[in-house]
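As they're listed, the protein sequences go chains R and Y. Heads up, the first sequence is in the working numbering, so the first residue is 23 and it goes up one at a time. Heads up, the second sequence is in the working numbering, so the first residue is 651 and it goes up one at a time. The C-beta atom is built at its ideal place from N, Cα and C for all residues, glycine as well.
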Amino acid sequence: MEPSHSPELMEHFSRPRNVGSLDRRSRRVGTGTATVADCGDVMRLQIEVDGRGRISRAKFKTFGCSAAIAAGSVTTEWLRGRNVQEAETFSADYVTERLSLPPDKQHSSRLAEDAVRQAVGDWKSRRCPCRHPAS
Amino acid sequence: MTPKLPIYLDYNATTPVDKRVLEAILPFFCEDFGNPTSHGHAFGWKAEAAVEVARQQVADLIGATPQEIVWTSGATESNNLAIKGACEMYRDRGRHVITCRTEHRAVLEVCAVMEQAGWQVTYLPVDETGWVEAEQVEAAITGQTVLISIMAANNETGVLSPMVEIGQVAKKHGVLLHTDATQAAGKIPLDVEAMGADLLSLSAHKLYGPKGCGCLYVRRRGPRVRLAAQVHGGGHERGLRSGTLNVPGIVGLGAAAEVARGDMPADAERLGALRDRLDTGIRAQLSDVHTNGHATRRLSNTLNLSFAYVEGEALKMKLSSLAVSSGSACRSESREPSHVLKAMGVSDALANAAIRFSLGRPTTEEDVDFAIEATVRAVRELRAISPLYELAREGIDPKRLE
């Protein structure tokens, strides 16, 4: 184990939670794809929201370093069971603290925050009746 | 039986000291500890005799004469002495050096120092296999060219250079030729006459000798090459490299050279077969695997592979049961891919996901089979998490995301 990797990071890197995909065409699913321009990391994060605005499922896939993979795991764990309004307040600091990321790894936390914001935005846009008339 | 982990497959980085070499070295620590320059007593004579035996052993490995071997602290120092020493000595001939983009930092950074000192340096490009042509070298020669420095074999990819042809070009134009043979020594036959090399660097710890010892071959006849010393104080090594000789290291380098000369043909063949087993074993189970470096014109122990759709640091972490070299560590906001792979035109993403497997004398078939399994498992796990792999499976070019 490299010195900069906390046990929590190693746990979520070795056994990432909530890996996978949801049906991105579903109106109940919001998809966010965030990238770090400089290093090429990509995180796709998806939320499935039930009728009461509660996140019933959250899934992710990451192309990136161990911290970026662990970030997707702890972020989706955090999201599950929360309201969308809460999800909008999700901060990179949560990931940074939970995984004890050193400053040079914090682009992974920002990647997760960015992916959450995009996923929530995508879910909202799908609910807008002007773009997605109710069938 | 589970092998001892991690499995060492990084022999291009360094090698363990061969037991035969260690045995040769040991007496020179506590018993025969004399200083070879103590000409007045038996301790000095014994040490001097041992150093001269080693000089012959190393000379024999590269087809040189013992008087042409200058002891140094390693290949980095040898490269410094060769390039700075030749440039300084022959500055009246011109101010131009030719080298290659895929050289080791110990050559490139010395060349950068020469540039700062007002010299012009040509960094030759390589093709996508890492190959540099002798014609490119010849085309770069000007009336100002003093020195050509081209490595015999690349440390990252194992790709060889056409040294014989480059030597002919150098000779034809009366330009000195230095070769960094750190990786080649002990792995392929080297002959300074056949290569037309005027200067050659090598290091003990890459050929099962101890760390901290190397040498520079300096041609004495046709032409007699002179160098400006870079380390002064005592006039050791005919004034070329002052400093009390590292007798145990030198004895070790000599013994390592002799062992290598005997074992080389069998080692090269055995390691080549194991390297191919590793290569085909991985490819049989994984798609989108790219070989970095020429398929045949390379060292038989080296395999540099890139795995598409996975990230280098994560791959390295998943491969913690293997001691291998990877593209680069993920640090801060950017990754610096290997300058060697970059020069070959490998994309940043693939350069980052490169793994260098380098096999060595102790490597067994079990080691290789374990490495195949570990690599396949790691890449599969990461691809299962990778959104880029998913997109690629769906027929979407992930580059659109970048």
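For residue i, the nearest candidate out of the options (CA to CA)
i, options, result
"Ile712(Y)", "Arg755(Y), Asn951(Y), Val960(Y) and Ala844(Y)", "Ala844(Y)"
"Pro716(Y)", "Glu778(Y), Val703(Y), Ser723(Y) and Pro775(Y)", "Val703(Y)"
"Ser95(R)", "Val64(R), Pro38(R), Asp45(R) and Ser26(R)", "Pro38(R)"
"Phe82(R)", "Glu30(R), His27(R) and Phe35(R)", "Phe35(R)"
"Gly636(Y)", "Gly995(Y), Gln880(Y), Ala835(Y) and Asp848(Y)", "Here chain Y covers residues 651 to 1052 and nothing more, so residue 636(Y) does not appear."
"Met739(Y)", "Val796(Y), Arg1011(Y), Thr1014(Y) and Gly872(Y)", "Val796(Y)"
"Arg66(R)", "Arg49(R), Ala93(R) and Arg74(R)", "Ala93(R)"
"Ser147(R)", "Glu119(R), Ser43(R), Ser131(R) and Ser48(R)", "Ser48(R)"
"Thr1013(Y)", "Ser988(Y), Thr894(Y), Ala1028(Y) and Val974(Y)", "Val974(Y)"
"Tyr867(Y)", "Thr726(Y), Glu887(Y), Asp848(Y) and Leu857(Y)", "Asp848(Y)"
"Ser1036(Y)", "Gln68(R), Ile91(R) and Arg79(R)", "Ile91(R)"
"Asp917(Y)", "Leu1009(Y), Thr829(Y) and Ser997(Y)", "Leu1009(Y)"
"Gly103(R)", "Val64(R), Val71(R) and Arg46(R)", "Val71(R)"
"Asn804(Y)", "Ala784(Y), Thr829(Y) and Lys821(Y)", "Thr829(Y)"
"Ser113(R)", "Gly75(R), Ala89(R) and Arg139(R)", "Arg139(R)"
Helix, strand or coil at residue i [DSSP, three-state]
i, result
"Cys761(Y)", "helix"
"Cys680(Y)", "helix"
"Phe35(R)", "helix"
"Asn1002(Y)", "helix"
"Glu70(R)", "strand"
"Ala714(Y)", "coil"
"Ser130(R)", "helix"
"Tyr661(Y)", "coil"
"Trp781(Y)", "coil"
"Gln833(Y)", "coil"
Nearest-angstrom Cα separation, counted from residue j out to residue i
i, j, result
"Ile719(Y)", "Ala709(Y)", "7 Å"
"Ala137(R)", "Thr1025(Y)", "30 Å"
"Arg911(Y)", "Ser811(Y)", "21 Å"
"Arg755(Y)", "Ala831(Y)", "14 Å"
"His855(Y)", "Val909(Y)", "13 Å"
"Pro873(Y)", "Ala59(R)", "54 Å"
"Arg1030(Y)", "Ala1021(Y)", "14 Å"
"Ala879(Y)", "Val747(Y)", "19 Å"
"Gly885(Y)", "Arg705(Y)", "18 Å"
"Val51(R)", "Gln68(R)", "7 Å"
"Asn942(Y)", "Gly684(Y)", "47 Å"
"Gly808(Y)", "Leu890(Y)", "31 Å"
"Val667(Y)", "Ala674(Y)", "11 Å"
"Gln128(R)", "Tyr116(R)", "11 Å"
C-beta neighbour in chain Y for residue i, strict 7 Å
i, result
"Gly21(R)", "Outside the displayed span of chain R (23 to 157) sits residue 21(R), for which this structure offers no information."
"Val106(R)", "no"
"Arg66(R)", "yes"
"Thr41(R)", "Looking at the sequence itself, residue 41(R) is Val, so the reference to Thr does not match. Yes, because at least one Cβ of chain Y sits closer than 7 Å to the Cβ of Val41(R)."
Distance cut-off 6 Å: residue i Cβ against heavy atoms of the ligand MN
i, result
"Leu655(Y)", "As presented, the structure is devoid of all ligands, the ligand MN included, so that no description of it is given."
Residue-level contact to chain R via CB, residue i, 7 Å cutoff
i, result
"Leu969(Y)", "no"
"Leu1038(Y)", "yes"
"Ile1035(Y)", "yes"
If contact means a Cβ-Cβ distance below 7 Å, which residues of the region 83 to 104 of chain R contact chain Y? Lys83, Thr84, Phe85, Gly86, Cys87, Ser88 and Ile91
Using a Cβ cut-off of 9 Å, which residues of the region 750 to 775 of chain Y contact any Cβ in chain R, in chain order? none
By the 7 Å beta-carbon criterion, what residues does the region 112 to 135 of chain R contribute toward chain Y? Asp126 and His129
At a Cβ cut of 7 Å, what residues of the region 26 to 39 of chain R count as close to chain Y, listed as they run along the chain? Listed by position along the chain: Phe35 and Pro38.
Residues of the region 935 to 964 of chain Y with Cβ closer than 9 Å to any Cβ of chain R, in chain order: Tyr959, Val960, Glu961, Gly962, Glu963 and Ala964
Along the region 692 to 713 of chain Y, what residues have a CB closer than 8 Å to any CB found in chain R? none
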